[in-house]
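Undergrad: Before I ask anything, let me first share the structure, which is written out below as C-alpha cells.
Protein chains: 2
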Amino acid sequence: MLIRLIPDPGSPLHEQIAAAVRAGILDGSLADGERLPAAKALGESLGVSLHTVLHAYQDLRDQGLIELRRGRGAVVIAPAPATRENALRILDDAASQLAVLGLSAETILALFRQRLDRSSPHDD
Amino acid sequence: MLIRLIPDPGSPLHEQIAAAVRAGILDGSLADGERLPAAKALGESLGVSLHTVLHAYQDLRDQGLIELRRGRGAVVIAPAPATRENALRILDDAASQLAVLGLSAETILALFRQRLDRSSPHDD
DNA sequence: ACCTATTTGTCCGTATGTATG
DNA sequence: CCATACATACGGACAAATAGG
Chain A
1 MLIRLIPDPG SPLHEQIAAA VRAGILDGSL ADGERLPAAK ALGESLGVSL
51 HTVLHAYQDL RDQGLIELRR GRGAVVIAPA PATRENALRI LDDAASQLAV
101 LGLSAETILA LFRQRLDRSS PHDD
Chain B
1001 MLIRLIPDPG SPLHEQIAAA VRAGILDGSL ADGERLPAAK ALGESLGVSL
1051 HTVLHAYQDL RDQGLIELRR GRGAVVIAPA PATRENALRI LDDAASQLAV
1101 LGLSAETILA LFRQRLDRSS PHDD
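As they're listed, the protein sequences go chains A and B.
Take the first sequence: its position 58, counted from the start at 1, is 58 in the numbering used here, and no numbers get skipped.
Take the second sequence: its position 12, counted from the start at 1, is 1012 in the numbering used here, and no numbers get skipped.
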C-alpha cells in the first residue's frame, strides 16, 4: 500500500502518518493482516526519520489498529465489519450514558481499559 | 511526592516510571490535582533522560491518569469515587456484551476511543 | 546449529517549537 | 521579555526478536 501524507501544519508528523494509515484501514485499502512498510523504509520515502514512523506505529498499536513485532514488522488488525457494527452500537450506547457523568474521554477510556484488562489480560 | 524505581530488568525504564506514579495514585500518596515533578528534574533524580520520563508521562496521559500542559507540568487526575462507580457499572455492562463478540481488548478500546472523540473532541 | 540481515524497542543527546506563568 | 516545561523531531547506538540462508 502507498502511504502519503497530507501536509498539515498544526498536527505533528507522527500523527499525520498515523492518520494516513488509519484512513487506509477505514477505507479498506489496508486489509486485515496486511503488512505495513518497515519504519525505516517508510521514513525514507516520506522524508522523515525512522523514529517518527515508529512513533506513529506505536500509537496505532496502542489504539489496537496494528500489531507490531520485532523482526516481523507491522500488521493491520481489522475487525470484521459486522462485528464492528455490533460493537459500535454497544459502545455508542455506553457513551451516551457516560456523557452525563461529566468525565473526560481519557478518564472513561482508562476505566474501561481496566475493566477489559481484568477479563482478558493478554493477547500474546 | 517522592518517586522511586524498583529496578526490574525485563520491563523498560519508562514503564517502571509510569508504574511508580500509577502506584502513587492508587495508594493515595498522589492526590487529585497534585503536580508531578518536572520531567527534567525527575530524570536527573532517577538518573534517566528527560525523554524517558516524558515517555512515561505521556503513557499516563494516554491512560487518563494525568494531565500534561506545556509550561505547567503534569497534574494528577483522579475521578470522584461516586462518579467512578457509576461509570464502572456502565462500562462493566458494555464489557460483558462485547465479550461474546470475540474482539480483542485493544480493538474494543480503539473503537470506543473513536466514539468518545466524536462526542467530545477536546477538553482544552 | 550458526550466522546474518531485518525490524521493532529502548535510551540517550541535541535542537527547536510552543504554551504557561 | 523571560524562565519553565512539555512536544516534536532528528540522529546515533545498542538490544532483542524474527526470518532466511
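Just so it is clear, CB atoms sit at the ideal spot from N, CA and C, and this is done for glycine as well.
The model shown is predicted, which means the values in this text are computed figures rather than measured ones.
1) Three Cβ pairs or more, each shorter than 8 Å: is that satisfied between the stretch 63 to 74 of chain A and the stretch 1081 to 1090 of chain B?
2) Which residue comes first and which comes last in the beta strand (DSSP E) that contains Glu1067 of chain B?
3) Quick one: what does DSSP say Gly1102 of chain B is sitting in, helix, strand or coil?
4) Scan the stretch 36 to 70 of chain A for residues whose Cβ lies nearer than 7 Å to a Cβ of chain B and list them as they occur along the chain.
5) I'd like the span of the alpha helix (DSSP H) that includes Ala1039 of chain B, first residue to last.
6) Going by beta-carbon coordinates alone, are Ala95 of chain A and Arg1115 of chain B separated by less than 7 Å?
7) Could you name the residues of the same chain whose beta carbon sits closer than 6 Å to that of Ile3 of chain A, not counting the 5 residues immediately before and after it, in chain order?
8) Please state whether DSSP places Gly73 of chain A in a helix, a strand or coil.
9) Starting from Gly24 of chain A, trace the alpha helix (DSSP H) both ways and give me its first and last residue.
10) Once the 5 residues before and after Arg953 of chain B are set aside, which same chain residues still bring their CB inside 6 Å of it?
11) For Gln63 of chain A, report the span of its alpha helix (DSSP H) as first-last.
12) With Leu98 of chain A and Leu1088 of chain B assumed to form a contact (beta carbons below 8 Å), what rounded beta-carbon distance in angstroms separates them?
13) In chain order, what residues of the same chain lie with their CB nearer than 8 Å to the CB of His14 of chain A, ignoring the 5 residues before and after it?
14) Does the Cβ of Pro1121 of chain B have 16 or more other Cβ atoms within 10 Å, making it buried, or fewer, making it exposed?
15) For a test of the three-state rule: what should DSSP assign to Arg1089 of chain B, helix, strand or coil?
16) Can you find the residues in the same chain that come closer than 6 Å, C-beta to C-beta, to Asp123 of chain A, ignoring five residues on each side of it along the sequence?
17) Is the CB-CB distance between Arg1035 of chain B and Val1075 of chain B below 7 Å?
18) Against chain A, with Cβ distances strictly below 7 Å, would Asp1008 of chain B count as a contact?
19) Taking only beta-carbon atoms, is Ile25 of chain A less than 7 Å away from chain B?
20) Take Ser29 of chain A as the anchor and find which of A:Leu109, A:Glu106, A:Ile77 has the nearest alpha-carbon.
TA: On the basis of the coordinates in this document:
1) no
2) 1066 to 1069
3) coil
4) Hits within the stretch, in order: Asp62, Gln63, Gly64, Leu65.
5) Start and end: 1039 to 1046.
6) yes
7) Ala20
8) strand
9) 13 to 26
10) Absent from the model: residue 953 of chain B. The displayed extent of chain B is 1001 to 1124, so no value can be given.
11) Taken as a continuous stretch (DSSP letters only), Gln63 of chain A belongs to no alpha helix (DSSP H), as it is neither H nor E.
12) Not really, about 10 Å apart at Cβ, beyond 8 Å.
13) Thr52, Val53, His55, Ala56, Asp59
14) Model confidence at Pro1121 of chain B stands at a pLDDT of 48, short of 50, so the residue's coordinates are unreliable; what they give is reported in the following sentence. Per the 10 Å Cβ criterion, exposed.
15) helix
16) For Asp123 of chain A, the pLDDT reaches just 41, beneath the cut-off of 50, and the residue's location in the model is therefore unreliable, leaving the point undetermined.
17) yes
18) no
19) no
20) A:Ile77
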